[in-house]
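What follows is one structure encoded as structure tokens, with my remarks underneath.
Residue numbers (the UniProt record's numbering): 1 to 382.
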């Protein structure tokens with residue numbers, strides 16, 4: 001029971017706070033509009049209050065990511081990307097570019113490039129704390145305004161201030177208390193794990209540099225020359241150690257070094273249950289791809305293509321990620337032996353790749369698609 005509570009604390013906290021918000025909305029309708037509301041008026045005010053809460057959630061997401069951005073820029077970090085509500089703003093060659101991106105379990109994400117010589121442990125902690133600091137700061141300001149000015153303000157403005165403060169505190173707690181949400185570690189979890197060992201800090205900084213390089217047009221094998229796994233034994237319970245493994249995997253695939261890729265996946269499988277869900281999904285997709293192109297056991301391929309979790313994750317990512325379309329293409333071409341379906345996926349892949357925000361990743365995926373298409377180009381002869 002205790003283990004369940006620890007593992008799901010963010011979800012439980014979010015549900016509890018949501019119930020509290022519901023109660024607060026009902027209470028505020030009585031306080032700010034009076035007890036003598038008619039039924040129609042009550043329902044109207046209730047719906048408007050929920051609409052105001054949704055607006056507050058959107059605003060607090062932007063404030064949260066802006067907090068990361070502001071504090072990092074103040075410490076000399078450089079802008080990489082700002083993602084919110086399915087859109088991502090990136091900077092390449094001095095120009096800003098808006099693309100689409102969806103990260104399950106995250107309403108927003110702001111990434112920055114650390115200084116060349118890194119940053120202090122305190123500076124890295126501040127970067128991760130930036131979002132919750134801003135959420136709390138704006139919530140306090142909203143609470144002060146509500147406390148001092150509520151008698152002279154419009155009832156709807158009072159409700160906005162109350163909900164804005166409440167949602168901000170919710171964000172502060174859900175992101176600040178170490179946990180994972182939809183398989184993604186929150187800021188508090190990152191801070192906690194970064195303190196455990198220097199390697200995690202190194203990977204955290206290197207992953208941001210890796211992303212900046214691939215986003216600017218370098219392929220994975222150009223962005224990272226050496227494998228972490230050649231000199232380090234990974235702790236699969238740490239998301240940063242698994243991040244290092246997935247970067248190794250990206251480089252191995254880019255080099256068409258499939259033996260290395262299989263070995264990396266075997267390392268992950270040894271302690272599979274310790275890996276957080278988001279990385280399990282990523283590794284499972286690449287494991288399926290490798291089994292397809294390397295004539296892997298048909299039972300393992302069938303197990304993967306019939307796994308609803310893997311397929312749902314794959315289909316969600318195929319709306320905007322070339323890598324997911326590459327795996328769908330391999331399934332259609334090799335497993336389904338459906339050339340027409342594969343050709344349609346290829347057309348979508350070409351369209352998505354041309355506008356994909358990460359140029360280096362897109363180049364890598366094009367090479368992998370070419371390899372897959374060439375290896376099994378004439379499916380009728382198999």
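Beta carbons are placed, not taken as given, at the ideal position from N, Cα and C, and that holds for glycine.
Do residue j and residue i count as a contact pair if the criterion is CB distance below 9 Å?
i	j	result
residue 194	residue 181	no
residue 384	residue 357	Coverage of the chain is limited to positions 1 through 382, which leaves residue 384 absent and any answer about it impossible.
residue 279	residue 251	no
residue 189	residue 220	no
residue 112	residue 79	yes
residue 59	residue 164	yes
residue 134	residue 70	yes
residue 67	residue 85	no
residue 320	residue 290	no
residue 359	residue 217	yes
residue 264	residue 229	yes
residue 310	residue 284	yes
residue 286	residue 261	yes
residue 213	residue 222	yes
residue 355	residue 99	yes
residue 298	residue 375	no
Where do the N-terminal and C-terminal ends of the beta strand (DSSP E) with residue i fall, by residue?
i	result
residue 100	95–100
Roughly how far, in whole angstroms, is the beta-carbon of residue i from the beta-carbon of residue j, given that I think they are within contact range, below 8 Å?
i	j	result
residue 143	residue 75	That pair is no contact at about 28 Å.
residue 92	residue 215	6 Å
residue 329	residue 346	6 Å
residue 211	residue 245	Their Cβ separation, rounded to whole angstroms, is 16 Å, which puts residue 211 and residue 245 out of contact at 8 Å.
residue 114	residue 77	6 Å
residue 365	residue 373	Their Cβ separation, rounded to whole angstroms, is 12 Å, which puts residue 365 and residue 373 out of contact at 8 Å.
residue 64	residue 131	4 Å
According to DSSP, residue i sits in a beta bridge with which residue or residues?
i	result
residue 112	79
residue 89	82, 98
residue 180	185
Determine the extent of the alpha helix (DSSP H) in which residue i is found, giving its start and end residues.
i	result
residue 162	155–176
residue 147	121–149
residue 291	277–293
residue 331	It is not in any alpha helix (DSSP H) - residue 331 carries neither H nor E in the DSSP assignment.
residue 347	339–355
residue 269	258–270
residue 317	308–317
residue 366	359–375
residue 254	239–254
residue 299	298–305
Is the CB of residue i under 9 Å away from at least one CB in chain D?
i	result
residue 240	In summary, chain D is missing from the structure at hand, where a single protein chain is found.
ask   = Which ranges does the alpha helix (DSSP H) cover as unbroken runs of at least 4 residues, wholly within the stretch 195–230, from first to last along the chain?
value = 198–215, 220–223
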